[in-house]
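Engineer: Start counting the sequence shown at 1; every next residue gets the next number (this note's numbering). The following block contains the structure, expressed as structure tokens.
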Amino acid sequence: MVPEERVLMTFDACAPLERRAEQALAFAESQVRSLITRHPDYFPLYTEEGKWQHGREAWTNWCEGFLGGMMWIFARRGGDLFWRERAEHYSRLIEERQFDTNVHDLGFVFWSTWKRWFDLAGDERLNQRVIQAGRTMELRFNEEGKYLRSFVAPESCFIDIMMNVGIIFYAASETGDEDLLRKAREHCLTTRRYLVRGDGSTAHEGIFDLQTGEFLRESTHQGWRDDSSWARGQCWALYGFGTAYRLSGDARFLDTAERCADFYIERTPAHGVPPNDWEEPSPRRPYESSAAAIAASGLFQLAELTRDPDRADHYRGYARRILDTLLTPEFLAIETPGWEGILKHGSYHERKDLGVDESVMWGEYFFVEALDKLLGAPASS
Ligand code: GLY
Numbered sequence: 001m002v003p004e005e006r007v008l009m010t011f012d013a014c015a016p017l018e019r020r021a022e023q024a025l026a027f028a029e030s031q032v033r034s035l036i037t038r039h040p041d042y043f044p045l046y047t048e049e050g051k052w053q054h055g056r057e058a059w060t061n062w063c064e065g066f067l068g069g070m071m072w073i074f075a076r077r078g079g080d081l082f083w084r085e086r087a088e089h090y091s092r093l094i095e096e097r098q099f100d101t102n103v104h105d106l107g108f109v110f111w112s113t114w115k116r117w118f119d120l121a122g123d124e125r126l127n128q129r130v131i132q133a134g135r136t137m138e139l140r141f142n143e144e145g146k147y148l149r150s151f152v153a154p155e156s157c158f159i160d161i162m163m164n165v166g167i168i169f170y171a172a173s174e175t176g177d178e179d180l181l182r183k184a185r186e187h188c189l190t191t192r193r194y195l196v197r198g199d200g201s202t203a204h205e206g207i208f209d210l211q212t213g214e215f216l217r218e219s220t221h222q223g224w225r226d227d228s229s230w231a232r233g234q235c236w237a238l239y240g241f242g243t244a245y246r247l248s249g250d251a252r253f254l255d256t257a258e259r260c261a262d263f264y265i266e267r268t269p270a271h272g273v274p275p276n277d278w279e280e281p282s283p284r285r286p287y288e289s290s291a292a293a294i295a296a297s298g299l300f301q302l303a304e305l306t307r308d309p310d311r312a313d314h315y316r317g318y319a320r321r322i323l324d325t326l327l328t329p330e331f332l333a334i335e336t337p338g339w340e341g342i343l344k345h346g347s348y349h350e351r352k353d354l355g356v357d358e359s360v361m362w363g364e365y366f367f368v369e370a371l372d373k374l375l376g377a378p379a380s381s
């Protein structure tokens, strides 16, 4: 492999969905291999004009599991020793993050890496890292407001945390710790009550009174307005409430996941890819592809969880429609010379002008995860 040169790959845009998904996974492997050859042990968040290394700010460090997470998917699908060795290496590089109290993202970091490693290897020592990450997340719990605080301030709760609370449910069930379970459940109920609206849309952030725990107001960082609907937050909710139901069995969380999914489907154009915020008038860019990738993977999960077979078909069909759109050269970078990412047209932080209309590391991961779900387990696994 010559790192500076992109391996030329053919892509048949007219092929059936599953065939295009296989081609996209081969392309994803090639892009990740180029990235880690060119920049070993480097954890980028987003590209700048299609290039991963640019030295611009991260805002917060939440994406370090996604590179290793893709490697675990490649290793499991292909039984490839190269990916297995690299996946272990990239997981070890982030091992100390199990004690990181600065971020609310340890679910992202450890579920994609050490949990996948444990699932493959079954070694209890690996599981202990996942459980510790859940215990570290628990320290964010605010007893007055009954929520896990975000990284920005003690009074702040983000919708994004719904994608990370699962690791607390998991640690609770692995250890039998009832207090862990209580905190995870209460965080979900608080989020459901104050951040999920009557129409199934979500607020990015809730602000609480630190003395009384009273909910004060909605807010946002990456959406258009405090009371608007940031697309990626919506996807964190539809996927995260589904996971909370899967891990707790609490039917209220399934109901919330379905309402969030229904809002996404109702408000998104027929191609399945939303803008950064549904309420922004005349958005500068039509697409936030990472939200679509998260939605596709979350909808595949929800199709397995929902109790109504018609809903299951609806969610699975819509996830396939999203992928049908993402598996075109407009989104897949396979025909874009010099582009180092996999999926184009993602956005990180429009207000700060970080990673806008670029490839973003979580978009890559959830896209690969959705393709993996579409194709199902390989015959050898
Ligand atoms: N901080 C998580 C996100 O940008 O979605």
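In this text, a Cβ means the ideal position worked out from N, Cα and C, and glycines have one as well. Quantities reported herein were computed from a predicted structural model and do not represent experimental measurements.
Once you ignore the five residues that flank residue 226 on each side, which residues in its own chain have a CB closer than 6 Å to its CB?
Structural biologist: Answer for residue 226: 218, 219, 220, listed in chain order.
Engineer: Please list the terminal residues of the continuous alpha helix (DSSP H) segment that includes residue 126.
Structural biologist: Note, residue 126: alpha helix (DSSP H), 124-138.
Engineer: Just checking, does the segment 135-151 make contact with the segment 162-175 on the three C-beta pairs under 8 Å criterion?
Structural biologist: Yes, they touch.
Engineer: Answer yes if the segment 229-245 comes into contact with the segment 256-265, meaning at least three C-beta pairs across the two stretches below 8 Å, and no otherwise.
Structural biologist: Touching, yes.
Engineer: Hey, is the segment 22-31 in contact with the segment 340-358, meaning 3+ C-beta pairs nearer than 8 Å?
Structural biologist: Yes, they touch.
Engineer: May I ask you to check if the CB of residue 62 is nearer than 7 Å to at least one heavy atom of ligand 1?
Structural biologist: Indeed, a heavy atom of ligand 1 lies less than 7 Å from the Cβ.
Engineer: So within the segment 55-95, which uninterrupted alpha helix (DSSP H) runs reach at least 4 residues, ignoring any that extend past its ends?
Structural biologist: Complete alpha helix (DSSP H) runs here, min 4: 66-78, 81-92.
Engineer: Within 10 angstroms of the Cβ of residue 438, are there 16 or more other Cβ atoms? Answer buried if so, exposed if not.
Structural biologist: This structure leaves residue 438 out entirely; the chain is present only between 1 and 381.
Engineer: Among 143, 91, 20, 92, which residue has its Cα nearest to the Cα of residue 212?
Structural biologist: When each option's Cα is compared against that of residue 212, the closest is 143.
Engineer: Quick check: residue 139 and residue 101, are their CB atoms within less than 8 Å of each other?
Structural biologist: Against a cut-off of 8 Å, the Cβ pair of residue 101 and residue 139 comes out as a contact.
Engineer: Specify whether the segment 275-292 and the segment 246-255 touch according to this definition: at least 3 beta carbon pairs, one from each stretch, less than 8 Å apart.
Structural biologist: No, they do not touch.
Engineer: Cβ of residue 242 within 8 Å of Cβ of residue 301?
Structural biologist: Yes. Within cutoff.
Engineer: Just to be sure I understand the criterion: a residue counts if its Cβ is closer than 5 Å to at least one heavy atom of ligand 1. Which residues meet that?
Structural biologist: Any residue whose Cβ sits closer than 5 Å to a heavy atom of ligand 1 makes the list: 160, 232.
Engineer: Can you look up residue 248 in the DSSP assignment and give me helix, strand or coil?
Structural biologist: DSSP places residue 248 in helix when its eight states are reduced to three.
Engineer: Using a threshold of 8 Å, state whether the C-beta atoms of residue 131 and residue 113 are closer than that.
Structural biologist: Not in contact: residue 131 and residue 113 (Cβ atoms no closer than 8 Å).
Engineer: With 16 as the cutoff for other CB atoms within 10 Å, does residue 14 come out buried or exposed?
Structural biologist: By the neighbour-count rule (16 or more Cβ atoms within 10 Å), residue 14 is not buried but exposed.
Engineer: Per DSSP, what are the beta-bridge partners of residue 221 in this structure?
Structural biologist: Answer is none; residue 221 lacks a bridge partner.
Engineer: Here's the rule I'm using: 16 or more other beta-carbon atoms within 10 Å means buried, otherwise exposed. How should residue 162 be labelled?
Structural biologist: When all chains shown are included, residue 162 counts as buried.
Engineer: What's the gap between the Cα of residue 63 and the Cα of residue 46?
Structural biologist: Their backbone Cα atoms lie some 10 Å apart in a straight line.
Engineer: Thinking C-alpha only, which one of 87, 174, 111 is nearest residue 124?
Structural biologist: Nearest C-alpha to residue 124: 174.
Engineer: Which term fits residue 274, buried or exposed, when burial requires 16 or more other beta carbons within 10 angstroms of its beta carbon?
Structural biologist: Counting Cβ neighbours within 10 Å, residue 274 comes out buried, since at least 16 surround it.
Engineer: Alpha carbon to alpha carbon, what distance is there between residue 22 and residue 89?
Structural biologist: The straight-line gap from Cα to Cα measures roughly 25 Å.
Engineer: May I have the straight-line CA-CA distance separating residue 204 from residue 222, to the nearest angstrom?
Structural biologist: C-alpha separation (whole angstroms): 8 Å.
Engineer: In three-state terms, what does DSSP make of residue 103?
Structural biologist: Of the three classes helix, strand and coil, the one that applies to residue 103 here is coil, per DSSP.
Engineer: Could you give the distance in angstroms between the alpha-carbon of residue 305 and the alpha-carbon of residue 258?
Structural biologist: Spanning the two alpha carbons is a distance of roughly 10 Å.
Engineer: What's the call for residue 352, buried or exposed, on a 16-neighbour Cβ count within 10 Å?
Structural biologist: Exposed, since its Cβ has fewer than 16 Cβ neighbours within 10 Å.
Engineer: Looking only at its chain, what residues have a beta carbon closer than 6 Å to the beta carbon of residue 200, apart from the 5 residues adjacent to it on each side?
Structural biologist: Here the set comprises 259, 260, 262, 263.
Engineer: With distances taken Cα to Cα, identify the nearest neighbour of residue 134 among 119, 370, 115.
Structural biologist: When only C-alpha atoms are compared, the closest one is 115.
Engineer: What would DSSP say about residue 52, mapped onto helix, strand or coil?
Structural biologist: Coil, per DSSP.
Engineer: Nearest to residue 368 by alpha carbon, out of 51, 196, 68?
Structural biologist: Selected option, being the one with the closest Cα: 68.
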